[in-house]
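Here the structure is laid out as structure tokens; the discussion comes afterwards.
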Amino acid sequence: MTSADPFIYTEELYRLRTAPTVIISKPWDAVTSAELELLNKILSALRLSLNQIKIRHQPTLDLGSWAEKPTHVLFFGPLPAGITFYELIQVQKVSLVASEDLHTLLGNEAARKKLWAALKQLFSL
Numbered sequence: 123m124t125s126a127d128p129f130i131y132t133e134e135l136y137r138l139r140t141a142p143t144v145i146i147s148k149p150w151d152a153v154t155s156a157e158l159e160l161l162n163k164i165l166s167a168l169r170l171s172l173n174q175i176k177i178r179h180q181p182t183l184d185l186g187s188w189a190e191k192p193t194h195v196l197f198f199g200p201l202p203a204g205i206t207f208y209e210l211i212q213v214q215k216v217s218l219v220a221s222e223d224l225h226t227l228l229g230n231e232a233a234r235k236k237l238w239a240a241l242k243q244l245f246s247l
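Going left to right, the sequence shown walks through residues 123 to 247 as my numbering numbers them.
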């Protein structure tokens, strides 16, 4: 250190990415084992686990009240106006894909395929 540089900081600064967020429309304790298994399969296909994401409960989608906005959101539940299922939407630096609830997806293979196509876009796979 020289007298011209009295303060030198050698620490590197890192920008931490926010964890992907999954929003479900029913409380977590109401999620069945079959729905949880489906969610785990979806996350596994994305190379993620429950430990690597944030899960929030919201009966209807509302990101406006969040202090910290995630960069990637997957919503399972009823659609708000102006949003369609299985379409990548970008709003205020948030990338979002909305899907029917997990219970509905369990019996609908065509919907799961549409969801997978949208998730590949959301996570650049």
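Just so you know, even glycine gets a beta-carbon here, dropped at the ideal spot from N, CA and C.
Original post:
At which residues does the beta strand (DSSP E) containing isoleucine 66 begin and terminate?
Top reply: Outside the modelled stretch of the chain, which goes from 123 to 247, sits residue 66, for which no answer is possible.
Original post:
Among residues of its own chain, excluding the 5 on either side of asparagine 230, which ones have a beta-carbon nearer than 8 Å to its beta-carbon?
Top reply: Glu222
Original post:
Ends of the beta strand (DSSP E) at lysine 176?
Top reply: 176-179
Subject >> Given phenylalanine 197 as reference, the closest of Ser147, Gln174 and Ala240 once Cα atoms are compared >> reply: Ser147
Subject >> leucine 196 - partner residues in DSSP beta bridges >> reply: Val144 and Val219
Subject >> Which listed residue (Val195, Gly199, Leu228 and Val213) has its alpha carbon closest to that of leucine 241 >> reply: Val195
Original post:
Where do the ends of the alpha helix (DSSP H) carrying glutamine 243 lie?
Top reply: 231-244
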